[in-house]
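In the numbering used here, the protein residues as written are 40 to 549.
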């Protein structure tokens, strides 16, 4: 039986990603788009184990209750989600949405009215202390509704005040109160041209807490998402020019399909598409837990296999294909098609190391850095075990793996394809190149901190200069740890002799 996951959406960015996430999750779990229009409407569709991972199922209200309804049928679906923001507008708008608004229980909402003012200390020190117990009460209620909870999944950004500050407090509280439940974080890193002047402080202070209290962090970069959206739009325009005018509704729908998910708003809504990419990454990540497959993977196996050192748990993700391959029908009808296999093989390489497919940019290409471990998670019946084995071997020969983990690829196969795509490949990698992202974050932080600019705004909420220094040193410590492993693709020429036990003594091992 699949285990449950509780999602925690923090701040404006976290709730906007969560909004798109629940739209697509509902489409994945309901057999027809018509039934997804109202989560409160009753139907004879079965409430199965896969659906229980993300959704609780309440009995229908009296107005919709009908004779013959059973607990195994969908009644009133409730998202296993806690909505947190220190202003009300985003959460209000989410709960008013006709498609998914009724998924959210008001008891699982935690809001204030004034916001955090783009100040990490405001979110962490003031709101964190004020609302910590109220938040934990909501978490306890969510956990009590689960039969066997597997993990917490937090969505937030590092640049603002609530997602960074209160999000950090949430991770800290979860570790204290639920230490045995895995804590994942999908963290949106600020752009180089972020318009929040204090985002370098907020980002580094948040990164410090992510290092200490998260089990796995999936970093996402806004600019990387924009690049993916632009690449998809360019492909669609090129496809339209090459095929001419398409009048049939079927062909128009095919043009709209991509990793951004089905379009619900105008095609110019870039943020909507960006949120769809992040949401699809989270759905692919959890697909093996929710649906059947040849090689299913429990989420708890991810930190066990891809995080060799506890503090080095920043996992970069890549998605492919970004749009349906030309040989979609060949893959579904004839898996042995050579052109279809060529498209599939290309998708494996793109997901793992192509810059345009990565959800996090890096100043240094991942392929030129050292991989500590990787995971390849596939979805769709068209991908066979032989395809996975062939491409993993190819990737092992093309990338630089750390010498003590040369075959460090964890694999997973899920039979259920994503919405509007024949198959999907998600690459999750622990690569030493992430140290450059943290180092660039520290450089921006230090530029402000040397002049002690805006520090007073943080000290007003109880922070001290020591807090800044400790956070800075902790982040630099992880940068140093990654740097130590960079280039270690071959064992040392003169390895140190180990001691082996002989009786009650230890002697050198030759």
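Built from N, CA and C at the ideal position, the CB exists for glycine as well.
Please read these numbers as outputs of a predicted model, since none were measured by experiment.
Contact annotation: the region 447 to 456 does not touch the region 47 to 57, with fewer than three C-beta pairs closer than 8 Å.
Nearest Cα to residue 255 within the set 529, 265, 193: 193. DSSP lists 95 as the beta-bridge partner residues of residue 117. At a Cβ-Cβ threshold of 7 Å, residue 252 and residue 362 do not count as neighbours. Runs of the alpha helix (DSSP H) lying entirely within the region 391 to 419, each at least 4 residues long, are absent.
In this structure, residue 243 keeps its C-beta atom at 7 Å or more from the C-beta atom of residue 347.
Boundaries around residue 357 are those of the beta strand (DSSP E), 355 to 359, since no alpha helix (DSSP H) includes it. As the crow flies, the alpha-carbon of residue 494 is around 9 Å from that of residue 507. Note that the C-beta distance between residue 465 and residue 358 is below 7 Å. Between the alpha carbons of residue 434 and residue 137 lies a gap of roughly 44 Å. Note: residue 227 is bridge-paired with 196, 259 in the DSSP secondary-structure output.
Residue environment: residue 486 is assigned as exposed (fewer than 16 neighbouring CB atoms within 10 Å of its CB, all protein chains considered). Residue range 448 to 453 is occupied by the beta strand (DSSP E) that includes residue 451. Its Cα nearest to that of residue 441, the residue 529 stands out among 119, 529, 207, 311.
A straight-line Cα-Cα distance of about 19 Å links residue 182 and residue 61. Ranked by how close their Cα comes to the Cα of residue 250, the residues 169, 175, 510 have 510 in first place. The beta carbon of residue 384 lies closer than 7 Å to those of 430 in the same chain, with the five residues before and after it left out.
Assignment of beta-bridge partners to residue 44 by DSSP yields 190. The residue from 167, 376, 405 with its alpha-carbon nearest to that of residue 389 is 405. Residue 184 sits in coil when the DSSP states are folded into three classes, being neither helix nor strand. Linking residue 179 to residue 145 through their CA atoms gives a straight-line distance of about 15 Å.
Straight-line spacing of the CA atoms in residue 202 and residue 124 works out to 8 Å. Counting only the Cα atoms, residue 504 lies some 44 Å from residue 63. Between residue 257 and residue 455, the C-beta spacing is not below 7 Å.
Bounds of the alpha helix (DSSP H) holding residue 478 are 473 to 488. Checking the DSSP bridge columns, you'll see residue 464 partnered with 359, 417. If you check the CB distance, residue 97 and residue 84 do not come in under 7 Å. For residue 62, DSSP assigns no beta-bridge partner whatsoever.
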